[in-house]
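Asker: By the numbering used here, the letter at position 41 of the sequence shown is numbered 367, and the numbering carries on one by one without gaps. Below is one structure. I have some questions about it.
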Amino acid sequence: MGSWAQVLRSEGIKEKEKWIYFDELGLTSEPVGGEFKPHMDPAEERRHSKRQNDYINMLGFVADSEDGIPRRCPCGGRIIHEVRGKDDYDTLPGKRFFTCKNYEGSLIFHSLIIADGFHYRQPWVIGVQEEIERLTKRVEEAEQVMMGVSNLSKQIETLEEQVKILSGQVDYLTVQVADLEKVCFE
Numbered sequence: 327m328g329s330w331a332q333v334l335r336s337e338g339i340k341e342k343e344k345w346i347y348f349d350e351l352g353l354t355s356e357p358v359g360g361e362f363k364p365h366m367d368p369a370e371e372r373r374h375s376k377r378q379n380d381y382i383n384m385l386g387f388v389a390d391s392e393d394g395i396p397r398r399c400p401c402g403g404r405i406i407h408e409v410r411g412k413d414d415y416d417t418l419p420g421k422r423f424f425t426c427k428n429y430e431g432s433l434i435f436h437s438l439i440i441a442d443g444f445h446y447r448q449p450w451v452i453g454v455q456e457e458i459e460r461l462t463k464r465v466e467e468a469e470q471v472m473m474g475v476s477n478l479s480k481q482i483e484t485l486e487e488q489v490k491i492l493s494g495q496v497d498y499l500t501v502q503v504a505d506l507e508k509v510c511f512e
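Right under this line is the structure:
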């Protein structure tokens, strides 16, 4: 059977075509009842868990930010307009995408390209549809603002008329007070 270190080395984890061994992950193994059970250092486990949570949160942030026609990818790469066509389809120009320049499909599964999730590759139709919805909402908000401006201009006109009336009354009362002062103090 060999030493427990040799057994532990032979039980590696394969990740993306690279063998990562338990000791590289901070795992230790002690023989318990003739079996080797890997254990992770608690501090390393917390760091690993934090890195996983950060990674998952970042994937969520990227997915949430993908709305409308993308201008820039979260990685900083520019967005290109990609056209993918299959030879067995006779439609032109093919399927269109907004794609990050740095996007590379890392895994092909049933003819679906799966990437790391940190680069945009959005179908053109979805991007344009979301952009139209966003612009429609902006137009509706602008219409409401324009309606509010017309209402405010009407209110300003009525207030200006009231100010003219009140200033006329103030002038009339000022003249009457001056007349009363002349009568009372002369």
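C-beta: ideal position from N, C-alpha, C; glycine also.
His436 by DSSP, collapsed to three states: which one?
Answerer: Looking up residue 436 in the sequence shown gives position 110. Bear in mind that a pLDDT of 40 at His436, under 50, signals an unreliable position, so the model cannot answer this.
Asker: Would you identify the three-state DSSP class for Ile395, choosing helix, strand or coil?
Answerer: Within the sequence shown, residue 395 is the residue found at index 69, counting from 1. Three-state result, Ile395: coil.
Asker: How is the beta strand (DSSP E) around Arg518 delimited, first residue to last?
Answerer: Lying outside 327 to 512, the shown extent of the chain, residue 518 is not represented and no answer is given.
Asker: Is the region 422-432 close to the region 458-476, with three or more CB pairs under 8 Å?
Answerer: no
Asker: Exposed or buried, Tyr381, counting other C-beta atoms within 10 Å across all chains shown (16 or more means buried)?
Answerer: Along the sequence shown, read from residue 1 onward, the residue named residue 381 stands at position 55. It counts as exposed.
Asker: His407 and Arg422 look like a contact to me (Cβ under 8 Å); what is the Cβ gap, rounded to whole Å?
Answerer: Locating residue 407 in the sequence shown gives position 81, where the first residue counts as 1. Locating residue 422 in the sequence shown gives position 96, where the first residue counts as 1. 7 Å between Cβ atoms; contact.
Asker: Could you spell out the range, first to last residue, of the alpha helix (DSSP H) harbouring Glu459?
Answerer: Residue numbering aside, residue 459 sits at position 133 when the sequence shown is read from its first letter. Residues 450-511.
Asker: For Gly402, count neighbouring Cβ atoms within 10 angstroms of its own Cβ and tell me buried if that reaches 16, exposed if not.
Answerer: Against the sequence shown, residue 402 aligns to sequence position 76. Residue burial annotation: Gly402 is exposed, with fewer than 16 other C-beta atoms found within 10 angstroms of its C-beta.
Asker: Can you list, in chain order, the residues of its chain with a C-beta nearer than 7 Å to that of Gln448? Leave out the 5 residues immediately preceding and following it.
Answerer: Looking up residue 448 in the sequence shown gives position 122. Excluding residues within five positions, the ones whose Cβ falls inside 7 Å are Glu392, Pro396, Phe423, Phe424.
Asker: For Glu408, list the residues DSSP reports as bridge partners.
Answerer: Your numbering for residue 408 matches position 82 in the sequence shown. DSSP, once it has assigned bridges, lists Phe423 as partnering Glu408.
Asker: What does the alpha-carbon distance come out to for the pair Arg398 and Arg464?
Answerer: Stepping through the sequence shown from its first residue, residue 398 is reached at position 72. Stepping through the sequence shown from its first residue, residue 464 is reached at position 138. Cα-Cα distance, rounded: 21 Å.
Asker: Candidates Phe387, Leu385, Met384, Lys427: which alpha carbon is nearest Ile514's?
Answerer: The question about residue 514 has no answer here: the residues shown for the chain are numbered 327 through 512.
Asker: Could you check if Gly420 is buried or exposed, using at least 16 other CB atoms within 10 Å of its CB as the buried criterion?
Answerer: The sequence position of residue 420 within the sequence shown is 94, counting from 1. It is exposed - the Cβ of Gly420 has fewer than 16 other Cβ atoms within 10 Å.
Asker: What are the residues that DSSP puts in a beta bridge with Arg447?
Answerer: Indexing the sequence shown from 1 puts residue 447 at position 121. Bridge partners of Arg447: Thr425.
Asker: If you draw a straight line from the C-alpha of Asn383 to the C-alpha of Glu487, how long is it?
Answerer: Translated into positions along the sequence shown, residue 383 becomes position 57. Translated into positions along the sequence shown, residue 487 becomes position 161. Taking the straight line joining both Cα atoms gives about 59 Å.
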